[in-house]
Amino acid sequence: QKAEDIAYAAEREADEIVGQSGKMRALDSLLERLSKGGHRVLIFSCFTMVLDLLEDYLSWKGHKYLRLDGSTNRVRRRVDISRFQAPGSPFFVFLISNR
């Protein structure tokens, strides 16, 4: 019961955060449609703080994602790109810092 309560509270918190921002509502709706259509998504941002927030959001929504930013070493970058591009990859979103 306790785990269910925590999961319910996290879902409500995610819905509340999304509901407070028009951009997050638009992103939420778009990602839902793309996910149902079997698509995968690249999200670029100049700000790693935005990627941090998107990581929380994607975790709350249960989407599998990868992240590439300035702290990602060369080997990890190559591995993650291959994982995302692989046929049947379970990863839905790739968060990328373009700075």
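Numbered by the numbering used here, the letters in the sequence shown go through residues 112 to 210 in order. C-beta: ideal position from N, C-alpha, C; glycine also. Model, not experiment: these values are computed from the prediction.
Who are the Cβ neighbours of residue i in its own chain at under 7 Å, not counting the five residues just before and after it?
i, result
"E115", "none"
"L165", "I154, L206"
"K147", "none"
"D167", "none"
Between the options, which lies nearest to residue i when the distance is taken from Cα to Cα?
i, options, result
"P201", "R185, G149, I154", "G149"
"L138", "K172, C157, F158", "K172"
"T183", "T159, E127, G199, Q196", "T159"
Leaving out five residues before and five after residue i in sequence, what residues of the same chain have Cβ atoms less than 6 Å from its Cβ?
i, result
"E124", "none"
"H174", "F203, V204"
Contact defined as beta carbons within less than 8 Å: I believe residue i pairs with residue j. What is the distance between those atoms, to the nearest angstrom?
i, j, result
"S132", "L162", "Contact doesn't hold; Cβ gap of about 16 Å is too wide."
"R210", "C157", "5 Å"
"D191", "L169", "15 Å between Cβ atoms; not a contact."
In angstroms with no decimal places, state the Cα-to-Cα distance between residue i and residue j.
i, j, result
"F155", "L206", "6 Å"
"E122", "V129", "11 Å"
"D126", "P198", "31 Å"
"A120", "K113", "11 Å"
"Q196", "K134", "27 Å"
Cβ of residue i within 9 Å of Cβ of residue j?
i, j, result
"V186", "L142", "no"
"R136", "L145", "no"
Apart from the five residues on each side of it in sequence, which residues of its chain come closer than 8 Å, Cβ to Cβ, to residue i?
i, result
"R188", "L179"
"G181", "T159, S208, R210"
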